[in-house]
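*Asks:* Start counting the sequence shown at 8; every next residue gets the next number (this note's numbering).
The beta-carbon is built from N, C-alpha and C at its ideal position, and this holds for glycine as well.
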Amino acid sequence: MLNRKFVCVLVLAAMASADALAQIPVPVGTIFTYQGVLKDDGLPANGPHDFVFKLYNGATMFSAQVGSNIAVSAHVVDGLFTVPLDFGAAAYSSQARWLDISVRRTGQLLYTTLAPRQRLTPTPFAVHSATSSLGFPFVGTLDTGTETAFSITHNGTGTAALFEVTDGASGGDAIKARAAGAGNAIDAATTGFIDCAVFAVDHPGATNNAVNATNNGNGNAVRAINTSNGRAGFFQVNNADNTKNAVEILSNGDSASRALEVTHTGTGTAGYFEVTDGASGGDAIYARAAGAGNAIDAATTGFIDCAVFAVDHPGASNNAVHATNNGNGSAIRGIATANGRAGYFQVNDTANSKPAVEILSNGDTTSRALEVTHTGTGDNGYFEIANAGNGGEALEAHHNGTGNAVQAGHTGTGRAALFQVTNAANANDAVAISTNGNSSSRTLEAIHSGTGDNGYFEITNAASGGEALEARHNGSGDAVQAVHTGTGRAGYFQINNAANSDPALYCTTNGSGVALHANGTARVDVLEILGGSDLSEGFDITGENVQPGMVVAIDPQQAGRLMVTSRSYDTRVAGVVSGAGGVQPGLIMKQNGSVADGKHPVALTGRVFCMVDATQAAVEPGDLLVSSETPGHAMKSTEPARAPGAIIGKAMTALPRGEKGLVLVLVSLQ
Numbered sequence: 008m009l010n011r012k013f014v015c016v017l018v019l020a021a022m023a024s025a026d027a028l029a030q031i032p033v034p035v036g037t038i039f040t041y042q043g044v045l046k047d048d049g050l051p052a053n054g055p056h057d058f059v060f061k062l063y064n065g066a067t068m069f070s071a072q073v074g075s076n077i078a079v080s081a082h083v084v085d086g087l088f089t090v091p092l093d094f095g096a097a098a099y100s101s102q103a104r105w106l107d108i109s110v111r112r113t114g115q116l117l118y119t120t121l122a123p124r125q126r127l128t129p130t131p132f133a134v135h136s137a138t139s140s141l142g143f144p145f146v147g148t149l150d151t152g153t154e155t156a157f158s159i160t161h162n163g164t165g166t167a168a169l170f171e172v173t174d175g176a177s178g179g180d181a182i183k184a185r186a187a188g189a190g191n192a193i194d195a196a197t198t199g200f201i202d203c204a205v206f207a208v209d210h211p212g213a214t215n216n217a218v219n220a221t222n223n224g225n226g227n228a229v230r231a232i233n234t235s236n237g238r239a240g241f242f243q244v245n246n247a248d249n250t251k252n253a254v255e256i257l258s259n260g261d262s263a264s265r266a267l268e269v270t271h272t273g274t275g276t277a278g279y280f281e282v283t284d285g286a287s288g289g290d291a292i293y294a295r296a297a298g299a300g301n302a303i304d305a306a307t308t309g310f311i312d313c314a315v316f317a318v319d320h321p322g323a324s325n326n327a328v329h330a331t332n333n334g335n336g337s338a339i340r341g342i343a344t345a346n347g348r349a350g351y352f353q354v355n356d357t358a359n360s361k362p363a364v365e366i367l368s369n370g371d372t373t374s375r376a377l378e379v380t381h382t383g384t385g386d387n388g389y390f391e392i393a394n395a396g397n398g399g400e401a402l403e404a405h406h407n408g409t410g411n412a413v414q415a416g417h418t419g420t421g422r423a424a425l426f427q428v429t430n431a432a433n434a435n436d437a438v439a440i441s442t443n444g445n446s447s448s449r450t451l452e453a454i455h456s457g458t459g460d461n462g463y464f465e466i467t468n469a470a471s472g473g474e475a476l477e478a479r480h481n482g483s484g485d486a487v488q489a490v491h492t493g494t495g496r497a498g499y500f501q502i503n504n505a506a507n508s509d510p511a512l513y514c515t516t517n518g519s520g521v522a523l524h525a526n527g528t529a530r531v532d533v534l535e536i537l538g539g540s541d542l543s544e545g546f547d548i549t550g551e552n553v554q555p556g557m558v559v560a561i562d563p564q565q566a567g568r569l570m571v572t573s574r575s576y577d578t579r580v581a582g583v584v585s586g587a588g589g590v591q592p593g594l595i596m597k598q599n600g601s602v603a604d605g606k607h608p609v610a611l612t613g614r615v616f617c618m619v620d621a622t623q624a625a626v627e628p629g630d631l632l633v634s635s636e637t638p639g640h641a642m643k644s645t646e647p648a649r650a651p652g653a654i655i656g657k658a659m660t661a662l663p664r665g666e667k668g669l670v671l672v673l674v675s676l677q
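1. Do the region 579-589 and the region 508-515 meet, that is, are 3 or more Cβ pairs less than 8 Å apart?
2. If you count every other CB in all the chains shown that lies within 10 Å of the CB of residue 562, and 16 or more means buried, which is it?
3. Just the C-alpha distance for residue 408 and residue 372, rounded to the nearest angstrom, thanks.
4. Would you say residue 278 and residue 269 are within 8 Å of each other, going by their C-beta atoms?
5. Note down, in chain order, each residue of its chain lying with its Cβ closer than 6 Å to the Cβ of residue 138, except the 5 sequence neighbours on either side.
6. For residue 89, does the count of other Cβ atoms within 10 angstroms reach 16, so buried, or fall short, so exposed?
7. To the nearest angstrom, how far is it from the Cα of residue 603 to the Cα of residue 457?
8. Applying the criterion that 16 or more other CB atoms from any shown protein chain within 10 Å of the CB defines a buried residue, is residue 629 buried or exposed?
9. Buried or exposed for residue 653, please, with buried defined as at least 16 other CB atoms from any protein chain shown within 10 angstroms of its CB.
10. Would you give the residue range spanned by the beta strand (DSSP E) that residue 618 belongs to?
11. Excluding the five sequence neighbours on either side, which residues of its own chain have a C-beta within less than 8 Å of the C-beta of residue 280, listed in chain order?
12. Over what stretch of residues does the beta strand (DSSP E) that includes residue 593 continue unbroken?
13. For residue 448, which residues of its own chain have a beta-carbon under 8 Å away from its beta-carbon, when the five flanking residues on both sides are left out?
14. Around the C-beta of residue 357, are 16 or more other C-beta atoms found within 10 angstroms, so that it is buried, or is it exposed?
15. For residue 40, which beta-bridge partners are listed by DSSP?
16. Which residues in the same chain as residue 737 place their Cβ atom closer than 6 Å to its Cβ, once the five residues preceding and following it in sequence are excluded?
17. Can you find the residues in the same chain that come closer than 7 Å, C-beta to C-beta, to residue 392, ignoring five residues on each side of it along the sequence?
18. In terms of alpha-carbon separation, which member of 444, 105, 481 and 432 lies closest to residue 471?
19. Quick check on residue 544: buried or exposed, where buried means 16 or more other Cβ atoms within 10 Å of its Cβ?
20. Put residue 448 into one of helix, strand or coil per three-state DSSP.
21. For the region 606-613 against the region 589-596, do three or more pairs of beta-carbon atoms, one drawn from each stretch, fall closer than 8 Å, so that the two count as touching?
22. For residue 466, which residues of its own chain have a beta-carbon under 7 Å away from its beta-carbon, when the five flanking residues on both sides are left out?
23. With 16 other CB atoms within 10 Å as the buried threshold, where does residue 499 fall?
24. Short of 6 Å in beta carbon distance, which residues of its chain neighbour residue 57, apart from the five on each side in sequence? Order them along the chain.
25. By Cβ distance, which residues of its chain are closer than 6 Å to residue 93, with the 5 residues on each side in sequence left out?
26. Is residue 96 helix, strand or coil by DSSP?
27. Would you list, in sequence order, the uninterrupted alpha helix (DSSP H) runs of no fewer than 4 residues that lie entirely inside the region 618-644?
28. Starting from residue 63, follow its DSSP beta bridges and name the residues at the other end.
29. Contact check, residue 588 vs residue 556 under 8 Å by CB: the rounded distance?
30. Can you tell me whether residue 413 is buried or exposed, with buried defined as 16 or more other CB within 10 angstroms of its CB?
31. Between which residues of its own chain and residue 41 is the CB-CB distance below 6 Å, once the five residues before and five after are set aside?
32. Apart from the five residues just before and just after residue 390, which ones in its own chain have a Cβ nearer than 7 Å to its Cβ?
33. Enumerate in chain order the residues of its own chain whose CB-to-CB distance from residue 136 is below 7 Å, with the five nearest sequence positions on each side excluded.
34. Does the beta-carbon of residue 381 have 16 or more other beta-carbons within 10 angstroms, so that it is buried, or is it exposed?
35. So what does DSSP say about residue 230, is it helix, strand or coil?
36. CB residue 223 to CB residue 263, shorter than 8 Å?
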């Protein structure tokens, strides 16, 4: 239900001061203009509404209607509407008249009658005088004095003055003000809580301006001052189909002039630009410079931000800042001469996946999308993620061309780049480099054209147990490959701490391959083997189910091969298959692809567990062992005459008589 209150703002201005009029009197007509303020549930109404106006000779329901009904439609903007009313000259007399108003939204069925009726002020009665000496156009001139030439004062709650062009085809201005001196063409001030000035073009098809101010002097074409809590000025486009600007400012002045200058001497914001429609794809501020100047030049001499651009709507896809420069200057240039920021870009919505600043360049090969230059002593660039729960990158660079995603060059004595993790609880890498390129691409390429080291990896924390350099490979290539085309070493590993007992190079494998492979001559001062205790050679062994610990002999039928022994005191005995009892070979020798190759390591010397048959005689440490008739087993030598040439080695552990088992043997073929 509508709850509305009308205020009669201005009636027909069909009369003027006879002293100021120097024209022949003409009839003024019977039309007068009514301007009202319409509220819907306490708020200013908007949109098309239908009105019915009736004139009565009294304020009560028992009074009589004077004249006919007037039905009219009007477009209400922020509660304001204006309609012409003509009840005819006969409707007015020396008696008072009251206006009855009914209203409805256009398209609705029922009208709402507003109460109480409004009493008309005396001015409308001027239309009853057809012999008035007043008429239009009204023209007057004040040649001397300092008083105001035209002054309207209203002591009530309505509008002091209403200027309207009612002809929709008219191209004229409702109000046109000119100041040829140093004063203001329009000086508007409000000491209350309403808007200082409201200028509106209510006709949908109108092309004229709500305000057109021209100043040929040194003052302001329009100047608005508000000494209370209202706006000094308010410009609004209230039509969704309107493609024009709410404010358009043009300057044809010289290089020192400005199309717009906003100065704030208080503590608030000097300028505020906002797009409040969440579905809008427009920019809150759009700046272009077609010359050599800056599209936006922001400077702060205080301690606040030089510029803050924010998109506060979660669903907005428009830019907080969109700057384009078709000339030689900067699209955006920020200079801070004090302690503030020259520029600050922030995404304040946790659900926003867009960057705080996005920079694109369509320039040539010498142009840069971003160039940062520092002429002081601080850092040239600083990228930080201040949210501890953020898993994103502080700096991420992508390149879809053939150049470098990141290139750092230093012409001084410092580092070209420094990557550091300063959080002791951080388990991530200071630098993580990844590539999806082809077989000829490299994840990291380091080139040094001077005389220093090409790469340097150091852990400065003595309590750290991590690796200075760790390389992993999940494919078939090398985790680390070092190639030297000069005269130095391809790799150099050194421990400079005399108290360090760890190896300079540690190799281990969880696969079936070797931990260290040297394809060439390997030279060592001292070779210490910790994973095995015998010297073996690789042999192919004839027979099935060859097991570690078996005694093997030379196969007379196949050169270079061995076979499992099956006779006693066999002088062809060659050794013991290594690996039994958990004791692995310490050194395996073979030549791949030759007769001196084989898959079974056979201990030729050193300690190895051997299968022994003690059925005929117990074995004690120090006993000489020879082959037996039990396949792959040794036995104690009890016939010295047959022993020469058949000795495998000496027993180092015992085996009771009547048993078969493993005996630790010091292999020394005799």
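*Replies:* In terms of the structure at hand:
1. no
2. buried
3. 12 Å
4. yes
5. The predicted position of residue 138 is uncertain, since its pLDDT is 40 and thus under 50; a value taken from the coordinates is nonetheless stated next. For residue 138, where only same-chain residues beyond five positions count, there are no Cβ hits under 6 Å.
6. buried
7. 48 Å
8. exposed
9. buried
10. 607-620
11. 291 and 292
12. Taken as a continuous stretch (DSSP letters only), residue 593 belongs to no beta strand (DSSP E), as it is neither H nor E.
13. 442
14. exposed
15. 91
16. Summary: the structure shown does not reach residue 737, with the chain confined to residues 8 through 677, and so no result is reported for it.
17. 399 and 401
18. 432
19. buried
20. coil
21. yes
22. 473 and 475
23. exposed
24. 80, 111 and 113
25. 37 and 38
26. helix
27. none
28. 72 and 105
29. 7 Å
30. exposed
31. 90 and 92
32. 401 and 402
33. With a pLDDT of only 46 at residue 136, under 50, the local geometry of the prediction cannot be trusted, and the value read off the model is given with reservation. None.
34. exposed
35. strand
36. no
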